[in-house]
Amino acid sequence: MFYGSVGPALDQVGLIGRDDGLLFRWLAGKRACGPGLKSRPMAHHLPNASRGTVFTMQTRCAFVFATDANYFFLAKGLVLSIEERMRSLFDCFVVDIGLDDAARAWFAAHGVGVVRFDRKRHVYFLPEEHLPPYADAQLCRPFLREMLSGYDIYLWCDADFWFQSCDGMALFAELALRHQEQAVLCPEHHYGLAFTRNQKSAVDAARLWYGEIFDEGVAEAFCHLPVLNSGFMALHRASPVWALWAKEIQRGYRKKKRYAFTWHVTEQMALNYVVYSHHLFVPVDPIYNYPCAAAAVGHREDGKVIVTYPPYSLLRGVHLLSFQRYAQSYFDGRFLYRHGAYLEPEELADVRRRFEKADRP
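By our numbering, the letter at position 264 of the sequence shown is numbered 264, and the numbering carries on one by one without gaps.
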């Protein structure tokens with residue numbers, strides 16, 4: 001488990017999420033909330049942060065992810081991992097970036113609203129030759145508030161993610177409500193990065209990305225800060241991050257890139273630039289968004305996914321980052337939701353065949 005601060009900007013905020021007695025009580029009573037699942041009012045109880053003060057307000061929350069037919073099998077695991085909780089807490093939506101009819105029917109049967117993203121409406125000067133349809137999973141994020149108007153809190157989650165414990169959803173929504181100007185997200189600072197990889201390689205990668213998206217001055221100023229992962233995050237509708245993020249994405253996509261992977265991280269690095277520059281983020285313990293590609297993960301005897309260093313903490317959010325690249329490790333290590341048992345044997349076998357060769361991030 002990560003305990004310390006992770007850089008000067010994070011040091012000013014403090015890291016949130018380590019077993020701190022945070023309690024949540026959710027009131028009953030469904031309301032009409034659009035085409036997705038119906039959310040309930042939230043009663044917020046933060047004994048640690050508010051010294052025992054209980055406050056309650058009516059809040060509408062949208063939980064959004066994106067997928068195409070190729071990654072539909074992962075999105076199924078995400079939905080199933082939160083299905084019981086999200087029916088009462090959040091309206092759930094999938095951004096359709098290439099689904100087939102069978103996938104749309106499955107989502108409809110599970111109460112997930114299907115929405116589309118029109119990149120030409122929101123993002124200008126796009127180099128289309130570098131941005132295949134699945135890039136819309138990144139491009140759409142700064143525009144969720146426009147795509148799904150009427151919500152107070154927006155939770156974004158990558159489709160290659162599943163929740164081992166749903167308390168992270170409540171925590172992120174609560175923090176976004178309490179810190180309405182700030183983005184709520186996790187730094188990519190975890191055991192895997194600290195002990196199984198060279199720190200310099202992470203700094204060099206960030207320097208390259210910032211340099212290609214912005215300029216060398218930004219790269220030198222920001223490359224030593226932990227990358228904040230946009231794969232699971234929360235934003236209040238009133239946050240200035242939305243507009244600032246959209247502006248920097250426009251700027252970032254105009255620049256030519258020498259390295260193809262930089263296109264893939266432009267949205268995330270634009271978000272990092274915004275929230276670090278304006279100090280507009282609440283950092284949460286990475287255990288809620290743990291990148292399993294770092295390899296410092298394993299299983300307890302009961303099958304739960306844990307960090308493989310003491311105290312062997314339980315992952316709240318299992319992020320199967322860079323799935324195309326690490327697919328065989330994820331399959332062999334049984335890191336899919338329910339170890340992959342939520343898929344029919346034939347479907348699982350077919351998926352494994354499709355991912356035998358990796359050629360995209």
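Note that the Cβ used here is the ideal one computed from N, Cα and C, for glycine as well.
- prompt: H224: which of Y210, S230 and A234 sits nearest, CA to CA?
  reply: Closest by alpha carbon: Y210.
- request: Please classify L343: does DSSP put it in a helix, a strand, or coil?
  value: Secondary structure at L343: coil, using DSSP grouped into helix, strand and coil.
message: Can you give me the C-alpha to C-alpha distance between D152 and A62, rounded to a whole angstrom?
response: For D152 and A62, the gap between their C-alpha atoms comes out near 8 Å.
message: According to DSSP, simplified to helix, strand and coil, what is H122?
response: H122: helix per DSSP, three-state reduction.
- request: Excluding the 5 residues preceding and the 5 following P240 in the sequence, name in chain order all residues of the same chain whose CB lies nearer than 8 Å to its CB.
  value: E181, H278 and L280.
- prompt: What does a CB cutoff of less than 8 Å around P361 pick up in its chain, not counting 5 residues either side in sequence?
  reply: For P361, the predicted structure reports a pLDDT of 47, less than 50, and the residue's modelled location is therefore unreliable. A value from the coordinates is still provided. Cβ-Cβ distances below 8 Å link P361 to F261, H264, S322, Q324 and R325 in the same chain, with the five nearest sequence neighbours on each side left out; the list follows chain order.
- prompt: What are the boundary residues of the beta strand (DSSP E) that includes Y365?
  reply: With the chain represented from 1 up to 361, any question about residue 365 goes unanswered, as that position is not in the structure.
- request: Mark K76 as exposed unless 16 or more other C-beta atoms lie within 10 angstroms of its C-beta, in which case mark it buried.
  value: With 16 or more other Cβ atoms from the protein chains shown falling within 10 Å of its own Cβ, K76 counts as buried.
- prompt: Helix or strand or just coil, what does DSSP make of L131?
  reply: The answer is coil: DSSP assigns L131 none of H, G, I, E or B.
message: If I measure Cβ to Cβ from L131 and keep anything under 7 Å in the same chain, skipping five residues before and after, which residues do I get?
response: Correct list, in chain order: W263.
message: I'd like the span of the alpha helix (DSSP H) that includes A105, first residue to last.
response: DSSP places A105 inside the alpha helix (DSSP H), whose first and last residues are D101 to A109.
query: Whose C-beta lies closer than 7 Å to the C-beta of E347 among residues of the same chain, with five residues either side of it excluded?
result: Excluding five sequence positions before and after E347, the CB atoms of its chain that fall closer than 7 Å to its own CB belong to F73, given in chain order.
task: Report buried or exposed for R258, applying the criterion of at least 16 other Cβ atoms within 10 angstroms of its Cβ.
output: R258 should be labelled exposed.
- prompt: Contact check, E248 vs Y273 under 8 Å by CB: the rounded distance?
  reply: So it is a contact: roughly 6 Å between Cβ atoms.
- request: Determine the DSSP secondary structure at C292, reduced to helix, strand or coil.
  value: Helix.
query: Count the other CB atoms within 10 Å of the CB of R366; is the residue buried (16 or more) or exposed (fewer)?
result: In this structure the chain extends from 1 to 361, so residue 366 is not present and cannot be described.
CA-to-CA distance, G303 to P310, given in whole angstroms: Each residue's alpha carbon lies about 17 Å from the other.
message: Just to confirm, is the Cβ distance from A219 to R207 under 8 Å?
response: Cβ distance < 8 Å, so A219 and R207 count as in contact.
query: Just how far apart, CA to CA, sit R18 and V284?
result: With a pLDDT of 41 at R18, under the threshold of 50, the modelled position of that residue is not reliable, and the figure given next carries that caveat. For R18 and V284, the distance between alpha carbons rounds to 8 Å.
- prompt: Count the other CB atoms within 10 Å of the CB of Y312; is the residue buried (16 or more) or exposed (fewer)?
  reply: Label assigned to Y312: exposed.
field: Three-state secondary structure (DSSP) of V95
entry: V95 sits in a strand when the DSSP states are folded into three classes.
message: Under DSSP, the alpha helix (DSSP H) around G168 begins and ends at which residues?
response: Looking at the DSSP string, the run of the alpha helix (DSSP H) that includes G168 is D167 to R178.
query: Nearest to K200 by CA position, among F117, P226 and A108, is which residue?
result: Nearest C-alpha to K200: P226.
- prompt: In chain order, what residues of the same chain have a beta carbon less than 6 Å from the beta carbon of F355, not counting five sequence neighbours either side?
  reply: The answer, listed in chain order, is A327.
field: Buried versus exposed, by CB contacts within 10 Å (16 or more), G150
entry: Classified as exposed, G150 has fewer than 16 neighbouring CB atoms from the shown chains inside 10 Å of its CB.
field: Bridge partner(s) assigned by DSSP for A205
entry: Beta-bridge pairing links A205 to no other residue.
message: Please report the straight-line C-alpha distance between T53 and P345, rounded to a whole angstrom.
response: Here T53 scores only 29 on pLDDT, less than 50, and its place in the model is too uncertain to base an answer on.
query: Can you pull the DSSP bridge partners for H236?
result: Note: H236 sits in a beta bridge opposite I153.
query: Looking at C-alpha atoms only, which residue of A234, V79 and R251 is the closest neighbour of Y288?
result: Residue A234 is the option with its Cα nearest to Y288.
Reduced DSSP category for E356 - H, G, I as helix; E, B as strand; rest coil: Coil at E356, not helix or strand.
field: Identity of the residues DSSP links to T67 by a beta bridge
entry: Paired residues: D96.
message: Is the beta carbon of T67 closer than 8 Å to that of L177?
response: No, these two residues do not count as a Cβ contact at 8 Å.
- request: For F232, collect the residues of the same chain with a Cβ closer than 8 Å to its Cβ; drop the 5 residues on either side in sequence, then sort them by chain order.
  value: Only L155, W156, C157, D158, F161, G168, F172, L185, C186, Y288, N289, G317 and H319 meet the Cβ criterion.
field: Simplified DSSP state of G333, which is helix, strand or coil
entry: G333 carries a coil assignment under DSSP once its states are collapsed to helix, strand and coil.
query: So V115 and R104 are in contact, right, with Cβ under 8 Å, and what is the actual spacing, rounded?
result: That pair is no contact at about 11 Å.
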